[in-house]
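Input: a single structure, listed below in structure tokens.
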Amino acid sequence: MAKKFIKLKSEDLSEWYNDLVVKAELADYSPVKGCMVIRPYGYAIWERIQSFMDKFIKEKGVQNAYFPLFIPESFLKKEKEHVAGFAPELAVVTMGGGQELTEKLIVRPTSETIMYEMYKKWTQSWRDLPVKMNQWCNVVRWEQRTYLFLRTTEFLWQEGHCAHATAAENQDMVQWALDLYKKTYTDLLAIYGVTGVKSDAEKFAGAGKTYSIEALMPNGKALQAGTSHDLGQNFAKSFDWSVQDQNGDKLYPYQNSWGLSTRSIGGLIMVHGDDNGLVFPPQIAPIQLIIVPIPGHEKAVKLANSVNKNLKLKYRSQIDDFEGETAGFKFNKWEMKGVPLRLEIGDKEADINSVVVLRRDTLEKQTVKIADLEKTIDQLLIDIQANLLQKHKKFTQDNTFSVDSFDEFKKIMSTTRGFISAHWCESSECEAKIKEETKATTRCLPDGQKDEKGVCVHCGKPSNHRWLFAQSY
RNA sequence: CGGGGAUUGGCGCAAUUGGCUAGCGUGCAUGGUUUGGGACCAUGAGGUUGCAGGUUCGAAUCCUGUAUCCCCGACCA
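The first sequence runs contiguously to residue 1050 in my numbering.
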């Protein structure tokens, strides 16, 4: 094997990750502490996530809008738990136009408060409900320790905010959003995630219930990959937002909010990448096919161009006829960039009207006749997408441990880590102690987790079902 | 924010009791030979050693401050 120009995933996940994100030109460190520059190749991933989700969001009747970046400090303070939860990580503007502001402005960490203030203005009766809006925007959370894509001071996301007349409608929306996230991870990113409800300690500041999708990373830590919050009537009451119902009584709208961020890109990189670099599932890959004519082969260049012309109509295809790099250099470069399929064309292939096709996930090569090319590519793209999802699902299952003793719990957390399925009495004291002793927190009560009598893995009190624990990212 | 490590041509690194013109690999430029898994030869350009002060005849090296990054913790999408 040729010597590597990137760090190895198999040796040090963190170093590999940081090195790869920069070298594959997904993102770079910025002059501003904790902030990153998302480069075109990385931003293309985000755009694909956006267009995938946006279609479903609109189908559900949720409309896109845009609210201000700045939130008056007093707004945030209206919901007590909300402000307490976010206070430590706020960026605050105190000066404007050279003058001290009479009221400080918060750079939004999330937009509940400013959006609901406007919703309040726009609605008078039950007929004005539901309100269903989403915004694609940036938010700022002053994190103390940052990590490209996974945790940066500023990040991009979508935040959906809906308000309904009934709790049932509200619940439907909360579940719909969670399903959308599951679909996005499964179908687009080929990442297997576990959905479920959060414990009280782990829920969103100000929420009634929080639901999340949790994905297991290669180092056995869990990535909270998307959240959907049932806010109940908490915010409406705090904001004194009521409308008149059919009987002329006060109705506090039921609300929900849900978000998925550029953090998902970090998960994508980590889950599928290997020692050779990125591995993108075909559905998300900015470039699905890279065509490499062997440099110096005249006939090959001609064939490669005509092949690319045809394939471009149907796939995200690109030709690399850049001179000055050898074939081997190009192979390594595009492997590092995670392109799902590489088509190699030399004079040898041109003579028999064929191309060599290599799939990135398994690195298997085959020679394919031009006549069969489209059919083969269609099948390979489907296979790669399915294979990557299957691999991650298997990894997650192989690293999910059903545990009944705290000793075993501790042992797993101090060795391989992973998802731990264990009984828990649902007291926050026990949860805090488990975290203190093992670093693991509850990730969620998985959807479809069946009832089962047992005793809390920590305190021995009765429990009705197993929760999912892991160290969080 | 606490503990540890780092910052030297674009990138990766070397250079101590403080001492000669700060080296090497890679990349870059030019010419030639090459091109099917990160090519080779020759020539050449590229540095006020993160930044700001200080000590000294003399600082990449010692001191103070500061910025940024990485790792481990607490906080978090």
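Every residue gets a Cβ at the ideal spot worked out from N, C-alpha and C, and that includes glycine.
Cα-Cα, which of the options is closest to residue i?
i       : options                            : result
ALA767  : THR729, GLN860 and TRP818          : GLN860
HIS741  : TYR758, THR700 and THR761          : THR700
PRO1023 : CYS1002, ARG994 and GLY770         : GLY770
SER1049 : MET613, ILE790, ALA621 and GLN748  : ILE790
SER979  : VAL598, ASP898, ARG1043 and LYS946 : ARG1043
LEU918  : GLU900, PHE899, ARG994 and ARG893  : ARG893
THR671  : SER702, LYS635, ARG625 and ILE648  : ILE648
MET1018 : LYS1027, ALA813 and GLY995         : In the sequence as displayed, the identity of residue 1018 is Thr instead of Met. That would be GLY995, whose Cα lies nearest to the Cα of THR1018.
SER815  : TYR829, GLN821 and GLN823          : TYR829
CYS714  : ALA813, PRO665, GLN627 and LEU725  : GLN627
Given a cut-off of 7 Å on the beta-carbon distance, is the pair residue i and residue j in contact?
i       : j       : result
PRO858  : LEU727  : no
GLN712  : TYR758  : no
SER834  : HIS874  : no
PHE1071 : VAL932  : Since the first residue shown for the chain is 578 and the last is 1050, residue 1071 is missing from the structure and cannot be characterised.
LEU837  : TYR788  : no
VAL717  : GLU694  : no
CYS1021 : GLY809  : no
SER998  : LEU1045 : yes
THR761  : TRP623  : no
ILE867  : ASN885  : no
Look at the alpha carbon of residue i and the alpha carbon of residue j, and state the distance between them as a whole number of angstroms.
i       : j      : result
LYS580  : ASN976 : Reliability fails at LYS580, whose pLDDT of 47 lies under 50, so the model's placement of it is uncertain and the value that follows must be treated cautiously. Each residue's Cα considered, the two are about 31 Å apart.
LYS891  : ILE954 : 11 Å
ILE871  : TRP753 : 49 Å
ILE842  : THR804 : 16 Å
LEU800  : GLN943 : 36 Å
GLU520  : MET990 : Residue 520 lies beyond the residue range present for the chain, which begins at 578 and ends at 1050; the question has no answer from this structure.
TYR606  : LEU855 : 19 Å
PHE633  : GLU902 : 42 Å
GLU912  : VAL614 : 23 Å
VAL708  : ALA601 : 41 Å
MET750  : ASP817 : 22 Å
GLN1026 : TYR831 : 27 Å
CYS1094 : TRP734 : Summary: the structure shown does not reach residue 1094, with the chain confined to residues 578 through 1050, and so no result is reported for it.
TRP719  : LEU888 : 45 Å
GLU1029 : LEU678 : 57 Å
LEU950  : LEU920 : 10 Å
ILE1011 : ALA802 : 23 Å
Considering only residues of the same chain and omitting the five flanking positions on each side of residue i, which have a CB-CB separation below 6 Å?
i       : result
LEU765  : PHE629, GLN860 and ILE861
ASP852  : LEU585, LYS586 and SER587
LYS827  : SER819
ASN796  : LEU590
GLY1052 : This structure cannot speak to residue 1052, because the chain is shown only from 578 to 1050.
GLY905  : none
ASN747  : HIS741, TYR831 and ASN833
HIS659  : ALA782 and GLY783
ILE922  : PRO870, ALA877, LEU880, ALA881 and VAL932
Suppose the cutoff is 8 Å on Cβ atoms and the five residues either side in sequence are ignored; what does the same chain contact list for residue i look like?
i       : result
ASP589  : none
MET578  : With a pLDDT of 34 at MET578, under the threshold of 50, the predicted position of this residue should be treated as unreliable, though the coordinate-derived value follows. So no residue of the chain qualifies.
GLU650  : VAL669, GLU680, LYS681, LEU682 and ILE683
ALA1047 : GLU791, LEU793, GLY797, LYS798, ALA799, ARG994, GLY995, PHE996, ILE997, ALA1017, THR1018 and ARG1020
If you drop the 5 nearest sequence neighbours on each side, which residues of the same chain put their C-beta closer than 7 Å to that of residue i?
i      : result
LYS637 : TRP753
GLN962 : ALA767, PRO858, PRO859 and GLN860
PHE781 : THR787, THR804 and HIS806
ASN811 : GLU656, GLY783 and GLY785
LYS946 : ASN930 and SER931
GLY619 : LEU603, ALA604 and ILE842
PRO608 : none
- Can you find at least 3 beta carbon pairs, one from the region 648–660 and one from the region 684–701, that sit closer than 8 Å? yes
- Query: Would you call the region 843–855 and the region 588–597 touching, i.e. three or more CB-CB distances under 8 Å?
  - Reply: yes
- Query: Are at least three pairs of beta-carbons, each pair with one atom in the region 1002–1020 and one in the region 776–783, less than 8 Å apart?
  - Reply: yes
- Task: Specify whether the region 925–940 and the region 874–886 touch according to this definition: at least 3 beta carbon pairs, one from each stretch, less than 8 Å apart.
- Result: yes
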